[in-house]
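Chains B and L, in that order, give the protein sequences.
Just so we're aligned: the first sequence equals residues 1 to 174 in full-length UniProt numbering.
Just so we're aligned: the second sequence equals residues 1 to 174 in full-length UniProt numbering.
Please read the structure below before turning to the comments.
2 protein chains.
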Amino acid sequence: MSLRHALLGLLAEKPASGYDLLKRFETSLAMVWPAQQSQIYGELAKLNEGGLIEITGTGARNRREYGITDAGRAELREWLTEPGLDLAFRSAALLRVFFLWTLTREEGTAYLERFARENRERLATLEAIRDNVEWTGDPAQIAGWLILEYGIRGSRTAEEWARWATEQLTEHLP
Amino acid sequence: MSLRHALLGLLAEKPASGYDLLKRFETSLAMVWPAQQSQIYGELAKLNEGGLIEITGTGARNRREYGITDAGRAELREWLTEPGLDLAFRSAALLRVFFLWTLTREEGTAYLERFARENRERLATLEAIRDNVEWTGDPAQIAGWLILEYGIRGSRTAEEWARWATEQLTEHLP
DNA sequence: ACCAGACATTCCAACATTGACAGGTCAGTC
DNA sequence: GACTGACCTGTCAATGTTGGAATGTCTGGT
Numbered sequence: 001m002s003l004r005h006a007l008l009g010l011l012a013e014k015p016a017s018g019y020d021l022l023k024r025f026e027t028s029l030a031m032v033w034p035a036q037q038s039q040i041y042g043e044l045a046k047l048n049e050g051g052l053i054e055i056t057g058t059g060a061r062n063r064r065e066y067g068i069t070d071a072g073r074a075e076l077r078e079w080l081t082e083p084g085l086d087l088a089f090r091s092a093a094l095l096r097v098f099f100l101w102t103l104t105r106e107e108g109t110a111y112l113e114r115f116a117r118e119n120r121e122r123l124a125t126l127e128a129i130r131d132n133v134e135w136t137g138d139p140a141q142i143a144g145w146l147i148l149e150y151g152i153r154g155s156r157t158a159e160e161w162a163r164w165a166t167e168q169l170t171e172h173l174p
Numbered sequence: 001m002s003l004r005h006a007l008l009g010l011l012a013e014k015p016a017s018g019y020d021l022l023k024r025f026e027t028s029l030a031m032v033w034p035a036q037q038s039q040i041y042g043e044l045a046k047l048n049e050g051g052l053i054e055i056t057g058t059g060a061r062n063r064r065e066y067g068i069t070d071a072g073r074a075e076l077r078e079w080l081t082e083p084g085l086d087l088a089f090r091s092a093a094l095l096r097v098f099f100l101w102t103l104t105r106e107e108g109t110a111y112l113e114r115f116a117r118e119n120r121e122r123l124a125t126l127e128a129i130r131d132n133v134e135w136t137g138d139p140a141q142i143a144g145w146l147i148l149e150y151g152i153r154g155s156r157t158a159e160e161w162a163r164w165a166t167e168q169l170t171e172h173l174p
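Have a look at this one:
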């Protein structure tokens, strides 16, 4: 039930259309919670039905702008202050590492090197964003900046780990 | 389509029953790819139908042991050597950080401190596992060891980030 | 006046995942 | 001899997620 709350959170900042929200997902949010367009529009309809958001205006090209309601704000707040903290994550890229031993040593290290390279590239991309965005003191923007920094540190750690893992594989695999 | 490959990978090491595989998921694999029991049994049935695995023996209590077939090995290999590398991941815990600004500063920092604490605990758990497991030179075990190290480094990075983020929130949030 | 490309929404089939329920067997211990 | 806890499998409904197709509108540039 995270997507609905992600949408509520975005709308808590300011009203937006499905298309606007989609753009936000493609840029900043994609890093921690990817979502497709079809899912976003569907969820917006449900949230509207449930009274957590409402239509606050319409525009050209069939545009419909949604705003969060008081009920929506309450729901968002409840979600954010829930006691449980879900550290779980899924990574297909790491899952594959588990089975690298079924390949030859060369194939295995090639995979890890690719892993390192991709993380290095992502690191560069994120750092470029950090250094080029104009940081106002806006609270919502600060939160985005924290996540961005998480991505930067995470990518760096992943890259270093992949280099280390390549060495280990070279040393320990027959 | 990662679960089916995870099962193939585990069976590539040695034959196992659904129950055995479930245990492997609960312990090592849970870190990178959680799966429920219902999903595992269902997927095993499909893999068996598709000829990627086969029943290699039965035991007490209705136990059925599956082994990977040549077709299964080929499929696993193909998956592992696919060109695309999917770095995407989902984290509900990080998603919440995006919306911390809607809470008071105290509530926000409390969340991040909890985040730091949980990662510290996970770090301790993983280090304990690393230091207590008897590491033979077994290839499959080495792969598990690499992942474990990833978890350790990732937890450490996450904890440090959360401490840093707590400071930032304290400084920059009104 | 035309066109490309961004804007904007809707619908759908297929697949993945969760959470719960339901059933039964065997080994060791009190 | 009864009980507990680990072993072992199966199924279902509901929900979440993906990927694609279809449709139409407005804006800016040539």
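Built from N, CA and C at the ideal position, the CB exists for glycine as well.
Among the bridge pairs identified by DSSP, L:R64 is matched with L:T58.
At a cut-off of 8 Å between beta carbons, B:L126 makes no contact with chain L.
The beta carbon of B:Q168 sits closer than 8 Å to some beta carbon of chain L.
Two segments are said to touch when three or more pairs of C-beta atoms, one from each, lie closer than 8 Å; by this definition the region 144-151 of chain B does not touch the region 142-151 of chain L. Classified as buried, L:N119 has 16 or more neighbouring CB atoms from the shown chains inside 10 Å of its CB. Under the three-state reduction of DSSP, B:S2 is assigned to helix. Beyond the five residues adjoining it in sequence on each side, L:L126 comes within less than 8 Å, by CB distance, of L148, G151, I152 and S155 in the same chain, given in chain order. With a threshold of 8 Å between beta carbons, B:S2 makes contact with chain L. For B:A16, the pairing in a beta bridge is given by DSSP as B:Y66.
The region 19-26 of chain B makes no contact with the region 135-149 of chain B, as fewer than three CB pairs between them are under 8 Å.
Chain L places a beta carbon closer than 8 Å to that of B:P139, counting this residue as a contact. Not flagged as an interface residue toward chain B: L:A74, since no C-beta distance is shorter than 8 Å. Under DSSP, the beta-bridge partners assigned to B:I53 are B:I68. In the three-state reduction of the DSSP assignment, L:S91 falls in the coil class, being assigned neither a helical nor a strand state. Scanning B:Q141, B:W161 and B:M1 for the CA closest to the CA of L:V97 turns up B:Q141.
Considered as a whole, the region 68-153 of chain B harbours 70-81, 92-97 and 105-132 as its complete alpha helix (DSSP H) runs of no fewer than 4 residues, in chain order.
When 7 Å is used as the limit between beta carbons, B:S17 is near no residue of chain L, the shortest such separation being about 19 Å. About 27 Å separates the Cβ atoms of L:A88 and B:P139, ruling out a contact at the 8 Å cut-off.
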